[in-house]
Amino acid sequence: MAPPHRGLSKGINQGLSDGINQSHVVTKRKLAPRPSDRKGKMSKRVNFVKGLIREVAGFAPYEKRITELLKSGKDKRALKVAKRKLGTHKRAKKKINEMANVFRKKRKSGASLTTRTTPRGDLQGWADLPEELLHSFMSLMGSFVQLLSFSGTCQSWRAAFSSYPAKPALCGVLPPLLVRPMDNWDAPNHRGHDGFGLRKCKVIDVVNQKTALWCQIPDLADGELFFAGSSFGQLICVHGQECHVLDVFTGATIHAPLLQSEVKKHARVTCGVLTAPVTSPESHLLLCISFTWFGGFSLLAWHVGSGSWSEAIKCPRIDQVIQFNGQLIARDYNYKLYVLSVVPNLGLEQIISESDDADPTPFVSPWLVACGGMLVMVSRDMNDNLKHEFNAYKLDRSAALAKWLEVSDVGNYTLFSGNDIRCPKLACESPGVWGGSCNHVIYAHEGDPAWSTHEIADEHGIDVMAGLEFRTDHMYENVPSFWVYPSFMYS
Numbered sequence: 001m002a003p004p005h006r007g008l009s010k011g012i013n014q015g016l017s018d019g020i021n022q023s024h025v026v027t028k029r030k031l032a033p034r035p036s037d038r039k040g041k042m043s044k045r046v047n048f049v050k051g052l053i054r055e056v057a058g059f060a061p062y063e064k065r066i067t068e069l070l071k072s073g074k075d076k077r078a079l080k081v082a083k084r085k086l087g088t089h090k091r092a093k094k095k096i097n098e099m100a101n102v103f104r105k106k107r108k109s110g111a112s113l114t115t116r117t118t119p120r121g122d123l124q125g126w127a128d129l130p131e132e133l134l135h136s137f138m139s140l141m142g143s144f145v146q147l148l149s150f151s152g153t154c155q156s157w158r159a160a161f162s163s164y165p166a167k168p169a170l171c172g173v174l175p176p177l178l179v180r181p182m183d184n185w186d187a188p189n190h191r192g193h194d195g196f197g198l199r200k201c202k203v204i205d206v207v208n209q210k211t212a213l214w215c216q217i218p219d220l221a222d223g224e225l226f227f228a229g230s231s232f233g234q235l236i237c238v239h240g241q242e243c244h245v246l247d248v249f250t251g252a253t254i255h256a257p258l259l260q261s262e263v264k265k266h267a268r269v270t271c272g273v274l275t276a277p278v279t280s281p282e283s284h285l286l287l288c289i290s291f292t293w294f295g296g297f298s299l300l301a302w303h304v305g306s307g308s309w310s311e312a313i314k315c316p317r318i319d320q321v322i323q324f325n326g327q328l329i330a331r332d333y334n335y336k337l338y339v340l341s342v343v344p345n346l347g348l349e350q351i352i353s354e355s356d357d358a359d360p361t362p363f364v365s366p367w368l369v370a371c372g373g374m375l376v377m378v379s380r381d382m383n384d385n386l387k388h389e390f391n392a393y394k395l396d397r398s399a400a401l402a403k404w405l406e407v408s409d410v411g412n413y414t415l416f417s418g419n420d421i422r423c424p425k426l427a428c429e430s431p432g433v434w435g436g437s438c439n440h441v442i443y444a445h446e447g448d449p450a451w452s453t454h455e456i457a458d459e460h461g462i463d464v465m466a467g468l469e470f471r472t473d474h475m476y477e478n479v480p481s482f483w484v485y486p487s488f489m490y491s
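Sequential numbering of the sequence shown, starting at 1, is according to this note's numbering.
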């Protein structure tokens, strides 16, 4: 006979010949609660916020469709609609039960299912909610579409959105928007206030891909303007001696003073970047420009709002400038790094590293991105299977001679990039909040699909024909697809 099962208290013997613990009734062991037990269960705060938004905005279109199908007795079709929207059978069943309960309550009370619970014309109560409470709602938003819906509810909510002090912090949590200039809408282009052609472009929110968003940006196809860069929700374009800073979504334009007379119509501009949002008193516009086709490069700075450019300094060809730990880090065409200072004087100080004199260079089409306190260089290398793979290197400055250390994990970040060095490279922390995956690169394409997702240091690699071309010399082409955070997030 088997020994008694340890850890279980014996009960009354049932006289059975088989069974655990020789047929004695045992007491069920109580397990400690696990974090996964809370999955799908809302806290009081989240439940309150969702209920409040439901009261103000009413049911979503798919929820109204489900209730109409349930009302007509088409339960299977309602389940199919819910499953297509929510992704899994379990979620769909839960939503069907929820809407069935709502349907029964509405039928008893005689209310309509297709109208809002609170009419739009009777929002005085919601409009008077305290600003602190409205700010707490914003911290729970999971996408820019939700933020736009929030700000459009009523005037007081819009004012609360404008005064929310932590909007810049949301830029590191919410995924950026993808602007696709090559994805034109079926609408005629027209001339903007400055006489330049505008084109209507599709904008995609990674979290809400089916939501129709669009913007208007300058049409560079006619050769009047060429694209120098993008930062803080602004496009930087140059036309001869003129330089324009244009808001991607509002179209508001800031005109910089004329460049030096030596600048010809087709001067080479390799990099254009803002050091801060245009509304900041510390904002400067930086341009790396060659006054002649075969001449050297110069770096210019304009304090936004002032009447003149700073005196140009000679420099190598600068391809990228990013912010890291309160400093401006510049990378030149030969992948060397510099600390860039703007005030009190414009200057470059090289960061000496072991790879500066390496021949050949260990990087292929690299780009810089700041992942919290880690400065990362992402290189598109070729593995032993003749396939591409994204490899990450962090800068170690603990010694006098800096070095790049290869890392297999960039932490709890998703990186956003594209095929043009002039476009910003962004990092989004905690991507699991909106359904993303950490340690991945989301790479924007010109054609279809709009983007592809690749794991960093993936041993399987990426097919050579996957459309991962990277441009550094195409300075006169139209604006490529690029990731952007709207400028209102920085105000």
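Glycine is no exception: its CB is placed at the ideal position from the N, C-alpha and C atoms.
Since residue i sits in a beta bridge, which residues does DSSP pair it with?
{"i": "Tyr338", "result": "Ala330, Gln350"}
{"i": "Asp319", "result": "None, per the DSSP bridge assignment."}
{"i": "Thr414", "result": "Cys428, His440"}
{"i": "Met377", "result": "Leu368, Tyr393"}
{"i": "Leu200", "result": "It should be pointed out that residue 200 corresponds to Lys in this sequence rather than to Leu. BP columns for Lys200 point to Gln216."}
{"i": "Gly272", "result": "Leu287"}
{"i": "Ala301", "result": "Leu286"}
{"i": "Ile254", "result": "Val245"}
{"i": "Val484", "result": "Leu177"}
{"i": "Asp205", "result": "Leu177"}
{"i": "Phe324", "result": "Gln327"}
Got a sec: does the ligand FMN put a non-hydrogen atom nearer than 6 Å to the Cβ of residue i?
{"i": "Gly73", "result": "This structure does not include the ligand FMN; it has no bound ligands of any sort."}
If you draw a straight line from the C-alpha of residue i to the C-alpha of residue j, how long is it?
{"i": "Asn334", "j": "Ser151", "result": "45 Å"}
{"i": "Gln234", "j": "Lys94", "result": "43 Å"}
{"i": "Ala427", "j": "Gly307", "result": "34 Å"}
{"i": "Pro480", "j": "Ala78", "result": "41 Å"}
{"i": "Asp396", "j": "Glu349", "result": "17 Å"}
{"i": "Leu245", "j": "Pro218", "result": "Inspection of the sequence shows that residue 245 is occupied by Val rather than by Leu. Val245 and Pro218: Cα-Cα distance of roughly 11 Å."}
{"i": "Ser365", "j": "Phe324", "result": "21 Å"}
{"i": "His303", "j": "Pro175", "result": "30 Å"}
{"i": "Leu198", "j": "Cys215", "result": "10 Å"}
{"i": "Met374", "j": "Phe103", "result": "52 Å"}
{"i": "Gly58", "j": "Gly347", "result": "56 Å"}
{"i": "Ser430", "j": "Ser143", "result": "13 Å"}
{"i": "Ile66", "j": "Phe48", "result": "23 Å"}
{"i": "Val542", "j": "Leu415", "result": "Residue 542 is absent from the model: the chain starts at 1 and stops at 491."}
{"i": "Thr279", "j": "Ala301", "result": "17 Å"}
{"i": "Leu134", "j": "Lys202", "result": "30 Å"}
{"i": "Arg54", "j": "Asp458", "result": "42 Å"}
{"i": "Leu213", "j": "Leu401", "result": "48 Å"}
{"i": "Phe227", "j": "Ser283", "result": "20 Å"}
{"i": "Arg180", "j": "Arg34", "result": "44 Å"}
{"i": "Thr153", "j": "Gly51", "result": "15 Å"}
{"i": "Leu86", "j": "Phe249", "result": "30 Å"}
{"i": "Ile329", "j": "Trp483", "result": "20 Å"}
Near residue i, what residues of its chain come up, given a Cβ to Cβ distance below 6 Å and the 5 sequence neighbours on each side ignored?
{"i": "Cys288", "result": "Thr270, Cys271, Phe297, Leu299, Ile318"}
{"i": "Phe488", "result": "none"}
{"i": "Val145", "result": "Asp205, Asn208, Thr211"}
{"i": "Lys394", "result": "Met374, Val376, Leu405, Val407"}
{"i": "Ser310", "result": "Ala301, Leu346"}
{"i": "Ala312", "result": "Ser298, Leu300"}
{"i": "Lys425", "result": "Trp367, Val369, Ser417"}
Near residue i, which residues of its chain fall below 7 Å by C-beta distance, leaving aside the five closest residues on each side in sequence?
{"i": "Thr114", "result": "Here Thr114 scores only 38 on pLDDT, less than 50, and its place in the model is too uncertain to base an answer on."}
{"i": "Cys171", "result": "Tyr485, Met489"}
{"i": "Pro362", "result": "Ser355"}
{"i": "Met99", "result": "Glu63, Ile66, Thr67, Leu70"}
{"i": "Lys83", "result": "His89, Ala92"}
Which stretch, first to last residue, makes up the alpha helix (DSSP H) that contains residue i?
{"i": "His135", "result": "131-138"}
{"i": "Trp309", "result": "Note, Trp309: premise wrong, no alpha helix (DSSP H); not H, not E."}
{"i": "Phe150", "result": "144-151"}
{"i": "Arg34", "result": "Segment: none, Arg34 is in no alpha helix (DSSP H) and carries neither H nor E."}
{"i": "Glu455", "result": "No alpha helix (DSSP H) holds Glu455; the beta strand (DSSP E) holding it covers 451-455."}
{"i": "Trp157", "result": "155-163"}
{"i": "Leu69", "result": "61-71"}
{"i": "Lys167", "result": "167-170"}
{"i": "Leu259", "result": "No alpha helix (DSSP H) holds Leu259; DSSP gives it neither H nor E."}
{"i": "Ala78", "result": "75-86"}
Would you give the residue range spanned by the beta strand (DSSP E) that residue i belongs to?
{"i": "Ile421", "result": "Element bounds for Ile421: n/a, residue is neither H nor E."}
{"i": "Asp247", "result": "242-247"}
{"i": "Lys403", "result": "403-407"}
{"i": "Leu235", "result": "234-239"}
{"i": "Ala228", "result": "226-231"}
Which residues in the same chain have their Cβ closer than 8 Å to the Cβ of residue i, if we skip the five residues on either side of it in sequence?
{"i": "Ser353", "result": "Lys336, Leu337, Leu395, Leu401, Ala402, Lys403, Trp404"}
{"i": "Gly411", "result": "Cys371, Gly372, Met374, Cys438, Asn439"}
Does residue i get closer than 7 Å to chain D when you measure Cβ to Cβ?
{"i": "Trp126", "result": "No chain D appears in this structure, which consists of one protein chain only."}
- Decide yes or no for the touch test of the stretch 157-177 against the stretch 446-457: beta carbon pairs closer than 8 Å, at least 3 of them. no
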